[in-house]
Structures are given as C-alpha cells and as structure tokens.
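In the order they appear, the protein sequences are chains A and B. Take the first sequence: its position 332, counting from 1, is numbered 332 in the numbering used here, and each next residue is one higher. All you need for the numbering used here is the position in the second sequence, starting with 1, plus 1000.
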Amino acid sequence: MVKMRGITKAFYGIKANDCVDFDLKGGEVHALLGENGAGKSTLMSVLCGLYHPDEGTIEVEGQRVEFRSPRDAISKGIGIVHQHFMLVPSLTVWENMILGSKDLPVVIDESAICDKIKDLSQRYGIDVDPKAPIWTLSIGEQQRVAILRMLYHEAKILILDEPTSVLTPQEIERLFSTIKHMKEEGYGIVFISHKLKEVFEISDRITVLRRGKVVGSLNAREATKEMLAEMMVGSSDTGEVQRARKESATKSKPVLMAEDLVVRNDKGLIAVDGVSFTLREGQIFGIAGVSGNGQGELAEALAGMRSIESGRLYFVTEDVTSASARHMVDLGVKYVPADRKGVGLVPNMNVAENVALRKYWHPPYSKGFFIDWDEVHKHSKSLVESYEILTPGLDVPVRMLSGGNQQKLILARELSDNLKLLIAMQPTWGLDVRATAFVREKLMSARAGGAAVLLISEDLDELLALSDELAVIYRGKIMGIIEGPGTGDIERIGLMMAGISANS
Amino acid sequence: MRMKIEKRFYITKWQETFIILASIVLAFFSGAVVLHFLGVSPLEAYGMMIKGSLSDFYGISETVAKTIPLVMCSLAVALSFTMVIWNIGAEGQFVLGALACTALVRCMHIDNPLIMLGAMGIVAAIAGGLWGGFAGFLRAKWNVNEIITTLMMNYIAILLLQYFVYGSWRDPTSLGFPMTPLFPEGARLPQFFGTRIHAGIFFALVLVVVIWVVVRKGIWGYEIRVSGQNPKAADYAGIRSARNIMLVMFMSGAIAGLAGMAEMAGLHRRLQPGFAVGYGYTAIIIAWLARLHPVTIIFVSFLFGALFVGGENLQIAMRLPLSSVQILQGLILFFLLGGEFFRNYRISLTFKKR
C-alpha cells in the first residue's frame, strides 16, 4: 500500500531520517522500533503530511504522492493517531469526528453522523457513545475515539504513535484486539513503539531504526528479543534491570509520613484526594498509575512546591505540612521532576548555574549576599566527573546537553549533599537504554545508602523491578498498596489502575 | 531554488554582532530614504549629525551629557528585563524622581550641599521606586500586566509634572514660562571643564559596576535571572517570585528616579516640562541592543546620545522637525526586532538540479 524510498529529513542540520526505506502492505501490522530520537516519529510525520521530506519519494497504492498538509494525506487514506490524541475536550465524540472535514453542509445532520459512528464502532468492536463529551471519557476511550475518527475519515492506513504508553494493561489488551480486527479487514497498520514485548505480541513485520537509519527489517517470527535489542542500541543489553535482591528491609525507620493529603491542581480541582502512606529508610516506594491521576500534584506537594489543602505531612517527627520547597531541600528531601527542561533545569543557563539551582542559598555556595561561583564550579566539576555527564564544559547552556545528560545532571545535583528522601517522577522517561540503566542504578544506590525513595512512574516494568512497596493511584486516591510486588501482580495492578479497587 | 527556515541551535558572538550592525546599517539606509523625501540630502544630513555630536570637544561633551540619563534609565529597564518583567515606565519614574527632588528643594532647603544632594537622591529614588513598585505590586498580587500599567503611569507622571510647573510651582519671575525657579547653589551637582557634563556621570558609572556585580555575582541577581528564564524552575528552587517582582520593579524605578534627580541637579537645575524628552523610552531600545549587559549599555547609550545631539543639530541647521530623528530611532528599533528573527532562525537556500 505504501512505499517510502530514500526519505531524508534534517533538523538543525542533523539528519533525523537518513535515506530511510519503508513499506507497508494491506492486512499487516508493521512495527517501527527504535529508541527515543531514532527517527520513528519523524518518518511517520513525513508519511502523514506533517513534514515535507528534504529528499525521497512516497508512493501510495502505486501512485507517487506529494503531501502538502495532513489533509492531503488523509484524502489518500493515511491517518495518524498521536500519542496525545488531539481531540477537543469540550466537544462531543461526533463533533470531534467531523472536525477537519471538508464540504460540511450548512445544517449538520447529527443523527446521520451518529449512525455512521455506531456502524463503524460495531464493525470494529470499538464501542463509544457518539454523544458523550470527550472530557468525560477515560484515556483509553479517548484513544478509541481517535482511532475511530481516522476510520470515519476513511483511512486505510493507520499510524499508531506509541499507543500503549498511556494505557492500563487491560486497555492495551483491548487495543490489540481492535488492531487484530482491523488487520483482518485489510487495513495497513504502523505500530510505533520502543517496547520490545508489545512489538512481539502484535506485529507481523518489524523495522528497526537507529539514529535516523534503518538498521534492519525482518519478520516478527524470525526475530528474537536479543536480536532486536542489539539492533536498537548496537549492543545486546536489553535494558532490563536485574532486580537487586531486596534484603529484608522490613519496617525500617519512617522518613516521611503522609496522612489524608488533599491537594488541588492548577485549575483548583482536587487532584490528590485523601492519600496516606509512609516512606521508610532504605526503601523504594513506587506509585503506579495512568498519567494525570494526581501524581504530579502529589510529588509537588511533597517537595513543598504546592500547598496542601488538608491532611498532615510529617518528616521524621517534624510537621512539614506547610513547609516551603527550600525548607524541604534543607531537610534532605530532593525532587527529580518529570519535566526536565520545564521545571528541573533552566535550559538557557549553564551547567554550574544549574547545579547551584537547589543549593545556592547556603554555605559554602553562598557568601553573604553573593554566590561563591568558584565553589559552585568546583562542586559542579566533581559532579560532572563522578556522574560521567557529557558536556563540553561547565559554561555551556544545559539546553545543549542530551536528554540523558540533562537527567544525569539533575540526579547529580539532587543526590549530592544530605539526601534523606528522593522523590523521582518519571526519571527514565524519554531516555535511551544506557541512560535508563544509569538512572535506575542511581536509585538503587540511593536506597542502599539508606535514603527513602518515592518512585512515580508510568512504566510498570520499572516499578516492579525497583519497588519494595507499590501503590496504585487512580483519580487522586490510592487504590491499594502491594508489598514486595512481582510480575504475578500485574493483573491486580492493572485493575487498580483502571479504578477497580483491590478489595472489591 | 528552495528557501527553508530552520531554528538556530547556536549563535556565535560574531554572528550576533553582525546581525546587530547590519540592522543599524539598514536602519540608517532606510532613514536615508525618508530624509531624501523630506527634501534633504541624506549624506549631508548624516554628516551634519556626526559633525554636531562627535566632531569637536563641545559636541562630544554634549553627547556625554545626554549619555548620563540614558545609561541610568537603560540600567533601570535592563534590571527588570533580566527578570523578564517589562518595565516600560522608566520615563515616568524618571519624571517622578525629578518631581520629588524638586519638591524637596522647594519645601526644605538644607544649607549643606552634601546632605542636600544626598537627601534629594534618596527621595528621588524612593519616589521613582514607589512609582515602579506599584506596578510591580499589581503584577505580583493580581497578575496585572506591568507593560500596560507602567506605560499608563508614564502619562500620569507627565501630567503631574505639567500640573506643577504650569501651576503652583511656576517661577513668578519667569515671565509666564512654565518652569520653577533655579535651584539654589547647594542643590546643584557640579559641572566639569566648562561643559554640561555633570557629576551624575559618577552615579551612572558606579551603577554600572553595582548592577553588573549584583546580577552576575549576587544571590538576588541569580534569583531574578532564574525567574526570568524559567519561572517554574524558580518555584522549584524555592524562590519567592512575588517578592522579587515587587523588589525588581522598585529597584528599577529607583534607578530611573535617581536619573531624574541627576538630570535636575546636574543639568537643568530647575523643573521644566521639556526635560523629559523620551530617555525612558530610548532606554528600552538601548537595553535591548546591549543585550542587558551593563558595560555594553555605556557604549550604546553614547551612540544614542550622539543621535540625540546630532538630531538637535539637524533641527537647527537643516530645519527638520524633531520627529525626523524619532523616525530614525523608530527605524533602528524596527530593524533590530527584525534582526531578532535571524538570531533565532536561519534561512538556507538550496539550489537543486532537476
């Protein structure tokens, strides 16, 4: 159905795609595998008309095409479902369906549209209520709407960009059955992912990209995990952490205790709704959950950056319910935010200035009204060396550093100087395999050093491998806490992530 | 041929300088077109400007006298711009400083130049500081856009000035001219070498050093830089943004107010409506051009000082209206903002053979 030849696309002079060939047949699922930044999304953005390639040709159904906009691509039957679905939350399902349609009549025939939606949803087993507003739907349902929208616009080729990253295990299963159904109907599906397991489960063919180039293309049946991992990163490290055997860290001293915390989000709505837990020395406490269920607000509240509406927070014996961010740092409560460049760093400032960010107010880094930049430089230099941060120098703006090195810099800053508790939010998100392993290793060594660690993540495998205790959060409430979680608990965790309590 | 616009990753100092110089050259070039249509020879006009401002001792001294308030006002706005707080109100704060020190001279004269001038400086700084700080308070407390409030407050300040000089403060012996009586000897800053260069120059130079040190080395300077670059990171670092917004607006206003006092005590020695000729607005262009760097501000201010003096010469010698100089200033700003695009993006042309 699709034949892409010699696609090259450069940004800032760096080739995101370098002479890439890609084919898709009808009735197959073709996985596009690669690390973050390997060029998967760029390639698919070219296919769906978002980017214009610098070089190369695209053929659809044997016909040479040149897309000027996504609308051109849709008219050729190519639709993409982005990681973020690009739906209008205040509109209903059917209204979202017709968005972007050309030649709408003056008076819109709502019932005809709804009938067509119901028809489609029955055919592919994607049930949605056409009249429900988007904001009332769960993330999984919203994804179904986004897929249905492409079918509504008569797409024959469907591109799914990291579709599983926002779903619970049960929702993933459902998505896969939909994909299989569509495959049987003759659709061509491109499945973008960096998760090996899922790629094996769903795809017929696998193309691996690395640094903008195709490393290889093979049938799923012939591939092995090790082969693919090697193709992805250039070594056979599969990136899975060996679970450090948890020496029975039973009931060590509590570091942070939360009692019935209630926290509001930026819109003033309750985001954390009566959460209680205890973080202990030398333990990693994991929090699982689909993103947007109050994790961000909880982390900020614990770090002293967001006010606590009600409930109590104790650090050892001190009441820190209304403590400032600075006071928490002084107590040894450190925070690795999810949004590295947006919160954790000042991208336009240099390495040393970013090291100073959470330390500058006390000696030896401060001297009266001034900052002792020599001292900061000395400290920064030792951090850069011991954390192997790749940077041309301390005076380089941190925006020039790679994502992995930015994260290393944050970790280095937070883990140094008096660490009692580390709050790590999505610490490996968007990192390549090597940097991911490095971060996980640092979390384990913080734990071994006697610090408490709160790990908030959307990567269930990561949580299972690292956590001593695992809580699941759903709509601001903790659905249950599992001690010593293992792979056998996935089913239960998945249900809790979807809001079904462990007890019921 | 295809044209492509790409975001720039990195810009060298050399490229940056080139863009700024090219902007200025283009501004003067299009200014030449304007002058041509005003019926004068652009070359002759530009020559006249240089001759008036830079060719002899008198011209240079006049340029330096204009550089003093420009440096101080530019430092004032540069400080707030560092925090990405847009104080457009240096003009008004400058006027308020002048008003406050004149009020002091009128109602409480102390016969000791050191104490008198010190007191004048302090009240001028406080008055300018409060004028700016009020806008900062509104911004910090209710998130009121400071661009609008500071701009509006400029008009209030200038009307206040007119109220006093046309009203109760008018010199009865001035034959109806709107001006206050001359300041007494003890309320004047000395002038040097028989020129109009006055002791305010030391205020300006000291402030350059102080601001450079505070912003680059000081804790507070670091905080406002972080707040300006990334407010969320400032929260993360536990920086109290609301307090700093008020403080930065107060400091910015205080510096502009002090500039107003220096202008009064050093140059005019009396309050008159014509003394506010737009230094506070020009300062915005200067601060931008100097990339907020205090030392660079001195040089850019000198250039703009020359533009002011040259413009006066142009008015006298070629009978051109003041607005022609303002057009030139406007053009410079226009091209600089255009140049900003090339700082962030580059355009590459690819020639492709089919």
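By construction, the Cβ of each residue, glycine as well, lies at the ideal position given by its N, Cα and C atoms. Just so it is clear, the structure is predicted and the values come from calculations on it, not from any experiment.
Expressed to the nearest angstrom, what Euclidean distance is found between the alpha-carbon atoms of residue i and residue j?
i, j, result
"S1041 of chain B", "Y1163 of chain B", "41 Å"
"S236 of chain A", "A223 of chain A", "Its pLDDT being 45, under 50, S236 of chain A is placed unreliably by the model, and the measurement read from it follows with that caveat. Rounded to whole angstroms, S236 of chain A to A223 of chain A spans 13 Å at the Cα level."
"M349 of chain A", "T1150 of chain B", "29 Å"
"G6 of chain A", "T57 of chain A", "7 Å"
"G450 of chain A", "D395 of chain A", "34 Å"
"L1104 of chain B", "Q1093 of chain B", "17 Å"
"L196 of chain A", "L228 of chain A", "8 Å"
"Y1166 of chain B", "G1339 of chain B", "43 Å"
"Y1222 of chain B", "Q295 of chain A", "30 Å"
"M1108 of chain B", "R1008 of chain B", "58 Å"
"G112 of chain A", "D459 of chain A", "The sequence given here places Ala at residue 112 of chain A; Gly does not occur at that position. Spanning the two alpha carbons is a distance of roughly 41 Å."
"V262 of chain A", "V166 of chain A", "24 Å"
"A323 of chain A", "S307 of chain A", "9 Å"
"V65 of chain A", "A73 of chain A", "9 Å"
"D103 of chain A", "K341 of chain A", "42 Å"
"S504 of chain A", "Q426 of chain A", "With a pLDDT of 45 at S504 of chain A, under the threshold of 50, the modelled position of this residue cannot be trusted, and the question is left open."
"L1249 of chain B", "A1140 of chain B", "For the sequence presented, residue 1249 of chain B should be read as Met rather than Leu. If I take the Cα positions, the gap works out to 10 Å."
"L1070 of chain B", "N354 of chain A", "34 Å"
"L1349 of chain B", "T1017 of chain B", "22 Å"
"V1077 of chain B", "A1283 of chain B", "7 Å"
"D339 of chain A", "E300 of chain A", "12 Å"
"R210 of chain A", "E230 of chain A", "11 Å"
Please go through the same chain and pick out, in chain order, the residues whose beta-carbon is closer than 7 Å to the beta-carbon of residue i, but skip the five residues on each side of it.
i, result
"H82 of chain A", "D161"
"M496 of chain A", "V472, Y474, M479, G480, A502"
"A517 of chain A", "A question about residue 517 of chain A goes unanswered here, because the residues of chain A that appear run from 1 up to 504."
"L1267 of chain B", "A1065, R1196, H1198"
"G486 of chain A", "L464"
"P505 of chain A", "Here chain A has residues from 1 to 504 only, and residue 505 of chain A is not among them."
"P397 of chain A", "P347, N348, M349, N350"
"M1361 of chain B", "Because chain B spans 1001 through 1354 in this model, residue 1361 of chain B falls outside it and cannot be assessed."
Can you pull the chain B residues whose beta carbon is under 7 Å from the beta carbon of residue i, in chain order?
i, result
"N348 of chain A", "Q1229"
"M305 of chain A", "D1235, Y1236"
"R64 of chain A", "Correct list: empty, because the minimum Cβ distance to chain B is about 15 Å."
Ordered along the chain, which non-local residues of its own chain (more than five positions away) have a Cβ less than 6 Å from that of residue i?
i, result
"G499 of chain A", "Y474"
"I410 of chain A", "V336, G344"
"A1234 of chain B", "V1226, S1227, S1241"
"S217 of chain A", "T207"
"A435 of chain A", "G404"
"A220 of chain A", "S203, D204, I206"
In chain A, which residues lie less than 8 Å from residue i when you measure between Cβ atoms?
i, result
"K1232 of chain B", "D339, G342, V343"
"K1217 of chain B", "F370, I371, W373"
"Y1222 of chain B", "E353, A356, Y360, I371"
So which residues on chain B does residue i lean against when the C-beta distance must stay under 8 Å?
i, result
"L357 of chain A", "V1226, A1233, Y1236, A1237"
Assuming the contact rule is C-beta atoms closer than 8 Å, residue i and residue j should be a hit. Round their C-beta distance to whole Å, please.
i, j, result
"A1127 of chain B", "L1099 of chain B", "7 Å"
"E1146 of chain B", "N1087 of chain B", "7 Å"
"M1120 of chain B", "A1265 of chain B", "6 Å"
"E1044 of chain B", "V1309 of chain B", "Rounded, the Cβ-Cβ distance is 17 Å, inconsistent with contact."
"P1178 of chain B", "P1273 of chain B", "6 Å"
"L1207 of chain B", "I1285 of chain B", "The Cβ separation is near 19 Å, so there is no contact."
"L383 of chain A", "T391 of chain A", "About 11 Å separates the two Cβ atoms, so there is no contact after all."
"K408 of chain A", "Y387 of chain A", "5 Å"
"N418 of chain A", "G304 of chain A", "The Cβ separation is near 15 Å, so there is no contact."
"E469 of chain A", "E483 of chain A", "5 Å"
Could you pull out every residue in the same chain whose Cβ sits closer than 8 Å to the Cβ of residue i, ignoring the five residues on either side in sequence?
i, result
"L415 of chain A", "K334, L422, K442, A446"
Going along chain C, which residues have a C-beta under 7 Å from residue i?
i, result
"R326 of chain A", "Structure shown: chain C not included; protein chains present are A and B."
Under 9 Å Cβ-Cβ, which residues of chain B neighbour residue i?
i, result
"V329 of chain A", "A1237, G1238"
"S366 of chain A", "I1219"
If we require 4 or more residues per run, which alpha helix (DSSP H) segments fall completely within the region 1209 to 1282 of chain B?
1219 to 1229, 1231 to 1236, 1241 to 1262
Run through the region 171 to 236 of chain A for me and flag every whole beta strand (DSSP E) of 3 or more residues, listed as ranges in chain order.
Correct list: 188 to 193, 205 to 210, 213 to 219.
Counting only runs that start and end within the region 1001 to 1043 of chain B, where is the beta strand (DSSP E) found for 3 or more residues in a row?
1002 to 1007
So within the region 38 to 85 of chain A, which uninterrupted beta strand (DSSP E) runs reach at least 3 residues, ignoring any that extend past its ends?
55 to 60, 63 to 65, 78 to 81
Continuous alpha helix (DSSP H) assignments of at least 4 residues falling wholly in the region 79 to 148 of chain A
With a minimum length of 4 residues, the unbroken runs of alpha helix (DSSP H) contained wholly in the region 79 to 148 of chain A fall at 93 to 98, 110 to 124.
At 4 residues or longer, what runs of the alpha helix (DSSP H) sit wholly inside the region 1280 to 1324 of chain B?
If we require 4 residues or more, the alpha helix (DSSP H) runs fully inside the region 1280 to 1324 of chain B come out as 1294 to 1318.
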